[in-house]
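Only one structure is covered here, and it is reproduced in the block below.
Numbering (my numbering), first residue to last: 865 to 1074.
Shown next as structure tokens:
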């Protein structure tokens, strides 16, 4: 199972005549890839549509032919994050195996995805969404709520396997702790300019929590 990577698109610097032959869907993808690549630059300031258009060598009007607003561009990135992460989580959940191992694997794939997509990790922690539309942060909050729910469901099975006295409570506590671990690891990854891997000490930490 490979983790999705949102690669930057080298075609952004192609001659205008060639760029104009791109299909609308391809142009949208290129815009999102370029935005993700710009977010990946350590210490990147708040990205404007003007700077994004300059990077793509197109006009701002050309951007708005594909996205109604910059917020909609960020929503495109969030869509990719959500589809990728929960696609992997669903695969894990459907596999045979011990519930505790599934929970640990779910945490690992989220952090692996972030490590392979540094620009998107800034979206996941909300760093790239400061001063942007409030609904974007709400969507990210919902993403982590959904992750916690997925973990809670699996961990309840794990608690039942170990005959816990209160499997539901045990699962809620452990799921909340694991989401805190994910958020903390992502924050450190972003704060250090992507130098500290979010996977540092992961196995040992999961051994304590799961």
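Even for Gly, the Cβ is constructed at its ideal location relative to N, Cα and C.
Just so you know, these numbers come straight off a predicted model, no measurement behind them.
By a C-beta neighbour count over all protein chains shown, 10 Å radius and 16 as the cutoff for buried, is residue 961 buried or exposed? For this step, residue 961 is matched to residue 97 along the chain shown. Exposed, because fewer than 16 other Cβ atoms sit within 10 Å of the Cβ of residue 961.
Range of the contiguous alpha helix (DSSP H) that encloses residue 912: Counting from 1 along the chain shown, the entry for residue 912 is found at position 48. Careful: residue 912 lies outside any alpha helix (DSSP H) and carries neither H nor E.
Enumerate in chain order the residues of its own chain whose CB-to-CB distance from residue 931 is below 8 angstroms, with the five nearest sequence positions on each side excluded. Residue 931 sits at position 67 when you count from the first residue of the chain shown. Result list for residue 931: 892, 895, 937 and 940, in chain order.
Mind pulling the beta strand (DSSP E) runs of 3 or more residues that sit fully within the region 941-984? As for any beta strand (DSSP E) of minimum length 3 sitting wholly inside the region 941-984, there is none.
Residue 1022 versus residue 966 - alpha carbon distance: Position 158 of the chain shown, counted from the first residue, corresponds to residue 1022. Position 102 of the chain shown, counted from the first residue, corresponds to residue 966. Rounded to whole angstroms, residue 1022 to residue 966 spans 9 angstroms at the Cα level.
Give me the Cα-Cα distance between residue 1053 and residue 1010, rounded to the nearest whole angstrom. Residue 1053 sits at position 189 when you count from the first residue of the chain shown. Residue 1010 sits at position 146 when you count from the first residue of the chain shown. Their backbone Cα atoms lie some 22 angstroms apart in a straight line.
How would you write the range of the alpha helix (DSSP H) that residue 994 sits in, first residue to last? To locate residue 994, count along the chain shown from 1; it is residue 130. Element bounds for residue 994: n/a, residue is neither H nor E.
Residues in its own chain within less than 8 angstroms of residue 1073 by CB, not counting five upstream and five downstream? Here residue 1073 refers to the residue found at position 209 when the chain shown is read from its first residue. 1038, 1041, 1042 and 1045, listed in sequence order.
Entirely within the region 1009-1059 and at least 4 residues each: give me those alpha helix (DSSP H) ranges in chain order. 1031-1055
Taking the Cβ atom as the reference point for each residue, do residue 989 and residue 899 lie within a distance shorter than 8 angstroms? Working through the chain shown from its first residue, we reach residue 989 at position 125. Working through the chain shown from its first residue, we reach residue 899 at position 35. In this structure, residue 899 does not lie closer than 8 angstroms to residue 989 by Cβ.
Where does residue 951 land, buried or exposed, given buried means 16+ other C-beta within 10 angstroms? Here residue 951 refers to the residue found at position 87 when the chain shown is read from its first residue. It is exposed - the Cβ of residue 951 has fewer than 16 other Cβ atoms within 10 Å.
Residue 1015 versus residue 1051 - alpha carbon distance: Residue numbering aside, residue 1015 sits at position 151 when the chain shown is read from its first letter. Residue numbering aside, residue 1051 sits at position 187 when the chain shown is read from its first letter. Each residue's alpha carbon lies about 20 angstroms from the other.
Can you name, in chain order, every residue of its own chain whose Cβ lies under 7 angstroms from the Cβ of residue 1060, other than the five neighbours on each side? Along the chain shown, read from residue 1 onward, the residue named residue 1060 stands at position 196. Correct list, in chain order: 1052 and 1053.
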